[in-house]
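Below: one structure, written as structure tokens.
Protein chains in written order, with the numbering used here: chain A, 233 to 628; chain B, 233 to 628; chain C, 569 to 858; chain D, 569 to 858.
Structure follows, in structure tokens:
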């Protein structure tokens, strides 16, 4: 779960990381007030969306740049007015862009040098890894492709943790010396503590900058958290609602469902992540696109099934629904009961294809049949996918 | 550095340990107020001194028991009046006893069973150790002597820490089952976290009690901290001043000196802990007793030497002073200068014997000679000790 | 012969008194698995269905019953502890079904297990089954039949689908191992392929992979250099958008190595046939074995 | 021959630009020790007295100078890190002078050093000297003279006193090792006695012990079973009150084993003569060697 830059800054600031003063604003007036409270100039206004490439982005309105330097609070207010409520398109957002509802207004220190610093879990080595480069401020994937020797990694023993000498060695490899060596090492130590104590999945500082007066500053921070660990970080978990832009995903989150909104026309409800992905894959092979990823999992109750099915039915993009269940922990009869309940609340507007297999599949089929609802059943995966695609074409 | 029971309770409470409600009081009226704020009966009033055996202790006034059960706030006030300002003598205080300036007033739950639980650093195995016994509430050293099989120990890998399953296994060994097993394991886990996060040197819960309603309660807690680690625990370091009963030690603490007040007649100033202990030992072999242990260490500056010497001179028990320095990091000339400065503030009332050896000893001797002060010098340790003892006898 | 489990395996179920633990302990018993003990701290002394004794700890369960494999249903906050408890008690095979364990917990667990004899399968996995002998997991037993194909998978229900397609065609399984969908887990794809290579009962191997990580590539590299057994593979997640979590925490594509494309290339380079449609896993495997 | 250090030892001083570091680096150089490098992070590129290069890290120092021993003066909050830095750089002998390191830091350090080749002396110790060859520590050099007695001690200045008494009587030292006064430290009494036993240059052994811990007992047990070299011991702290910290954090008597009485009994049981007065260490050692 990635959080907004302004949220990341707030969390990192508690660990004493050197972050230029600034604050979030959600109206032009508020942006001006924040600017007036800041002492140094110039200032920077940054659109808060969960995607990179903001600097080179463009608003649908034609306004250019999701990150703009301003000389004074009046200019900040003007830029804020142009950005807020707009939709920002960047290389990472796709052509539909992302709505901008909040801005970060902050001091913009003079940057002498840009570095890159990240911490993540290396799943192969099964431990946290530090990644750094003396070439920061640019797309790190591109550096990795073109100049792999300029990317430096160390792996941290999870038992003994990161010791300051390792952080200093790391800072030295980023080309820092003198007092900057110790300051950067301190940043690395604090960032690692933040990473571990908050169950982060990724912390990426790009750029970590050397600024005026031999100081180090965190200019931009991308922070993601391990969703499995949110139960022990209620405050961070509380950010979740602010983060979701897709209303379908917001609904799914409330019902504790694994849901990812996509742009296709076939709504899918599957149990198990692998089967759900395979179901999406076969739809594509049949020439259609899934409207979503939805794994109802093994532990869902009937109420969650009702809600899951409701989200699919309410999605205006959906032309047909494919329910694909291979019962294991999940019982097919529970799925069937949930569907029947959901369909008793609202009549189906699109065709529904169901394939049930595994635990209690016969009982499930019987429930659906007895309900008298217009549900098509399929015996295998290929049949189910083909029927769903065909139904969507009819409906379209 | 051991802290008072009421301080230990406050610190442990932050870790969610089950501690019966209560509060410290330093006047009979305050004790009554605390008692009125508590809901359950009976109540217990406990004299706050840094020594064990309080329950069987006796005040110099004749009042018996440093731990007394009371039925109501009025009785609490009466007991508090008898204890406060008194001197409590227990098996551990020595015949001179300890002054009682504060009391703990707390609820006294009904105890079903008493257990023993402690965490400390095992210096031989170089790791934290848990020590427990199903025979709590009594002198654990005696249990260790008479029923060693009733004491159970586990050692914790400092890298991976204490896992809950180990705590459960430990609780099971103390004879707990059912919900008590899980509750006691939770206490062990929290106590270990407290131990590590606060650099404790000892945490001893005796008794850890099973009380009414299948609950666990911390009835008495003895907590000590690693003095070397106080720099990272400013709040705990702040307790230090409250803890010191000996005014000489309070002075020494302010000057950052390693000083332990003793009851003999020869004041000692030595550099190095081993040499200081050896100096005390030889005094005793000569038939005298040291008035103190004082290690000025290697890093002391002249100002600390002046203060150290001042404390010896101000001690009314001191009949002669022995200065014994083997210069290493410490330079003998600095010691000599410090002594001359101290003696310029106050005339010596007792004879002073000095032995200087090691770094800059010749310069040190010369400084003392030139000062014209009545200081006797010795060439070796035996000579120095004999002179100091003889001088004390003359003076006595 | 089989890998990991057989008729002699004696299972302790950790978290046996919970809903999932009770349900699946019964299902395993019904399948014929020797479930000899359960563990729920504080519930020691009880019995499940008047036949499986419940203990306070794995150590006690092992001492009383000689169990040598553990099946874990303990909820996520306590699951890492349950794994280490089983390992400390000397359980040789640990199957952790629990979903949603924080990644850093698994990092710590695996660091603690390093150098120990214990084998961990999972977490967030369906478990392991040797058809007609022993089932330690949550897979529906009836879809399996004994036979020559070793199945290893990062998925749960997709494995059932694959097994179902095999069984429908009359192709039985030597053992099926779900290694789990979390980014940091125990036994890896390559290790299981290596076991199948050494297992006389396994004549062919089916890999069910998915997006994320690098394990498919490692398994492919191993097979290419060290195995001559027929093999086929399916990969889920060709259509998954990068950077989003597709249910499995491990299935986030964070680098080029994690894409289906990269994995497919690795399989093809190793000479491993890749089945393109999830509806053709059975037929694809039959082709590979022909 | 000697134990631990000799003319070929090449020393890096960690914390060389601090007051104590500079003072003692010079004193070691004056004694003839090859101090080839210093380390202070952020000060790389400087030189001490225009001859000892300063580096940002031990790894850099080692690469540039081939240093194989480290002498640490880094203040307590950073000392544990400095020890591990030296160990990670492959320094074989680490002498940590720093006083006041938290016990739990040393617990962590020793856990990290476990299984590694590195030897740690200290912390809170005077260091090690092989007279006329190499001094890595803070002891005054002039009190020593080469000779047959191996001295091992838990104390600093008391060791100087003991050495001084030996040298005054014309009894030289093969090596003198101060293992440090902290409860959790590196090399132990027994290990050093064992080294002396194996060192041809050492003909007799002097142990300076003190209250607290169990190391004297272990050393005594080793000597009794495995050494025939003449030996004597002195124990400081007979008059120390129990439970109070006598300067050394390790010198708190917390159990019966830590008392001078218990240690004295162990020495006597092993046949090791105990010198009763600190003024008679020289004569006592001479008697033991006669």
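Even for Gly, the Cβ is constructed at its ideal location relative to N, Cα and C.
Inter-residue Cα distance where the pair is residue 254 of chain B and residue 354 of chain B: In the second chain, the residue the question calls residue 254 of chain B occupies position 22. In the second chain, the residue the question calls residue 354 of chain B occupies position 122. Approximately 33 angstroms between the Cα atoms of the pair.
Helix, strand or coil, according to DSSP, for residue 335 of chain A in the structure here? Locating residue 335 of chain A in the first chain gives position 103, counting from the first residue. The answer is strand: DSSP assigns residue 335 of chain A an E or B state.
Give the residues of chain C in contact with residue 410 of chain B, contact being defined as C-beta atoms less than 7 angstroms apart. Locating residue 410 of chain B in the second chain gives position 178, where the first residue counts as 1. Result: 610.
Nearest-angstrom beta carbon gap, residue 746 of chain C and residue 695 of chain C [assumed within contact, 8 angstroms]: The residue given as residue 695 of chain C occupies position 127 in the third chain. The residue given as residue 746 of chain C occupies position 178 in the third chain. About 6 angstroms separates the two Cβ atoms, so the contact holds.
Please say whether residue 688 of chain C and residue 651 of chain C have beta carbons closer to each other than 9 angstroms? In the third chain, residue 651 of chain C corresponds to position 83, counting from 1. In the third chain, residue 688 of chain C corresponds to position 120, counting from 1. Closer than 9 angstroms, so yes.
At 7 angstroms on the CB atoms, spell out the chain D contacts of residue 463 of chain B, in chain order. Locating residue 463 of chain B in the second chain gives position 231, counting from the first residue. Chain D residues near residue 463 of chain B: 645.
Any beta carbon of chain C sitting closer than 9 angstroms to that of residue 381 of chain A? Taking the first residue of the first chain as position 1, residue 381 of chain A is located at position 149. It does not: the Cβ of residue 381 of chain A has no partner Cβ on chain C nearer than 9 angstroms.
At the level of alpha carbons, what is the spacing between residue 291 of chain A and residue 298 of chain A? For the purposes of this step, residue 291 of chain A is taken as the residue at position 59 of the first chain. For the purposes of this step, residue 298 of chain A is taken as the residue at position 66 of the first chain. Distance between the alpha carbons of residue 291 of chain A and residue 298 of chain A: 8 angstroms.
Cut-off 7 angstroms between Cβ atoms - residues of its own chain near residue 283 of chain B, not counting five sequence neighbours on either side: Position 51 of the second chain, counted from the start, is the residue given in the question as residue 283 of chain B. Around residue 283 of chain B: 322, 324, 325 and 330.
Give the C-beta separation of residue 596 of chain D and residue 704 of chain D to the nearest angstrom, bearing in mind that I take them to be a contact with Cβ-Cβ under 8 angstroms. Locating residue 596 of chain D in the fourth chain gives position 28, counting from the first residue. Locating residue 704 of chain D in the fourth chain gives position 136, counting from the first residue. Correct: roughly 7 angstroms between the Cβ atoms.
When you compare only the Cα positions, how much space is there between residue 610 of chain C and residue 547 of chain A? Start at 1 with the first residue of the third chain, and residue 610 of chain C comes out as number 42. Start at 1 with the first residue of the first chain, and residue 547 of chain A comes out as number 315. If I take the Cα positions, the gap works out to 48 angstroms.
Cα separation between residue 843 of chain C and residue 851 of chain C? Residue 843 of chain C sits at position 275 when you count from the first residue of the third chain. Residue 851 of chain C sits at position 283 when you count from the first residue of the third chain. If you take the alpha carbons of residue 843 of chain C and residue 851 of chain C, they lie about 9 angstroms apart.
Cα-Cα separation between residue 821 of chain C and residue 327 of chain A, rounded to whole angstroms: Start at 1 with the first residue of the third chain, and residue 821 of chain C comes out as number 253. Start at 1 with the first residue of the first chain, and residue 327 of chain A comes out as number 95. For residue 821 of chain C, the predicted model reports a pLDDT of 48, less than 50, meaning its position is unreliable; a value from the coordinates is still stated below. Those two C-alpha atoms are separated by around 21 angstroms.
Skipping 5 residues on each side, what residues in its chain have a beta carbon closer than 7 angstroms to that of residue 788 of chain D? As a position in the fourth chain, residue 788 of chain D is number 220, starting the count at 1. Excluding positions up to five away in sequence, the list reads 834, 835, 838 and 840.
Under 8 angstroms, with one C-beta from each stretch per pair, do the region 358-365 of chain A and the region 779-794 of chain C reach the 3-pair mark? no
So, at 8 angstroms on beta carbons, what are the nonlocal neighbours of residue 332 of chain B in its own chain, with the 5 sequence-adjacent residues on each side left out? To locate residue 332 of chain B, count along the second chain from 1; it is residue 100. Answer for residue 332 of chain B: 279, 280, 281, 291, 298, 315, 316, 317, 318, 319 and 320, listed in chain order.
Assess, as a yes-or-no matter, whether the region 436-448 of chain B is touched by the region 599-611 of chain A under the definition of 3 or more beta carbon pairs within less than 8 angstroms. no
Output yes or no for whether 9 angstroms exceeds the beta carbon distance between residue 680 of chain C and residue 712 of chain C. Locating residue 680 of chain C in the third chain gives position 112, where the first residue counts as 1. Locating residue 712 of chain C in the third chain gives position 144, where the first residue counts as 1. For residue 680 of chain C and residue 712 of chain C, no; Cβs fall outside 9 angstroms.
Indicate whether at least one CB of chain C lies closer than 9 angstroms to the CB of residue 397 of chain B. Your numbering for residue 397 of chain B matches position 165 in the second chain. It does; some Cβ of chain C falls within 9 angstroms.
Cβ contact check for the region 455-472 of chain B and the region 500-514 of chain B: 3 or more pairs under 8 angstroms: no
Quick check: the Cα distance between residue 543 of chain A and residue 640 of chain C, rounded to an integer number of angstroms? Translated into positions along the first chain, residue 543 of chain A becomes position 311. Translated into positions along the third chain, residue 640 of chain C becomes position 72. Going from the Cα of residue 543 of chain A to the Cα of residue 640 of chain C covers about 33 angstroms.
Contact between the region 494-501 of chain A and the region 547-560 of chain A is defined here as three or more beta-carbon pairs at a separation below 8 angstroms; is this criterion met? yes
Spatial neighbours of residue 530 of chain B within its chain, please: C-beta separation below 7 angstroms, excluding the five flanking residues on both sides. Position 298 of the second chain holds residue 530 of chain B. Same-chain partners within the cutoff: 503, 560, 561 and 562.
Compare the C-beta of residue 258 of chain A with all C-beta atoms of chain D and state if any pair is closer than 9 angstroms. The sequence position of residue 258 of chain A within the first chain is 26, counting from 1. Chain D contact via Cβ: absent.
Can you tell me the Cα-Cα spacing of residue 445 of chain B and residue 628 of chain C, whole angstroms? Your numbering for residue 445 of chain B matches position 213 in the second chain. Your numbering for residue 628 of chain C matches position 60 in the third chain. Looking at the two C-alpha atoms, the distance is approximately 27 angstroms.
Just to confirm the assignment: which complete alpha helix (DSSP H) runs, minimum length 4, are found wholly within the region 616-662 of chain D? 626-633 and 644-656
Going along the region 679-690 of chain D in order, which residues come within less than 7 angstroms of chain B, judged by CB to CB distance? 679
Residues in its own chain within less than 7 angstroms of residue 854 of chain D by CB, not counting five upstream and five downstream? On the fourth chain, position 286 is the one that residue 854 of chain D refers to. Hits under 7 angstroms: 737 and 739.
Would you say residue 420 of chain A and residue 394 of chain A are within 9 angstroms of each other, going by their C-beta atoms? As a first step, residue 420 of chain A is located in the first chain; it is residue number 188 there, counting from the start. As a first step, residue 394 of chain A is located in the first chain; it is residue number 162 there, counting from the start. Going by C-beta atoms, residue 420 of chain A is nearer than 9 angstroms to residue 394 of chain A.
Is the Cβ of residue 835 of chain D closer than 9 angstroms to any Cβ of chain B? To locate residue 835 of chain D, count along the fourth chain from 1; it is residue 267. No, its Cβ sits nowhere closer than 9 angstroms to a Cβ of chain B.
Using a C-beta to C-beta distance shorter than 7 angstroms, which residues of chain B count as neighbours of residue 641 of chain D? Residue 641 of chain D sits at position 73 when you count from the first residue of the fourth chain. Those within 7 angstroms of residue 641 of chain D in chain B number zero; the least Cβ separation is about 10 angstroms.
Return the first residue and the last residue of the beta strand (DSSP E) that residue 454 of chain A is part of. Translated into positions along the first chain, residue 454 of chain A becomes position 222. That run of the beta strand (DSSP E) goes 453-457.
Specify whether the region 452-459 of chain A and the region 421-437 of chain A touch according to this definition: at least 3 beta carbon pairs, one from each stretch, less than 8 angstroms apart. yes
Determine, for residue 601 of chain D, whether the minimum Cβ-Cβ distance to residues of chain B falls below 9 angstroms. The residue given as residue 601 of chain D occupies position 33 in the fourth chain. So no, residue 601 of chain D is outside the interface.
What's the call for residue 630 of chain C, buried or exposed, on a 16-neighbour Cβ count within 10 Å? On the third chain, position 62 is the one that residue 630 of chain C refers to. Under this definition residue 630 of chain C is a buried residue.
Interface positions of the region 605-637 of chain D facing chain A (Cβ-Cβ less than 9 angstroms), listed along the chain: 609, 610, 611, 612, 613, 624, 625, 626, 627 and 628
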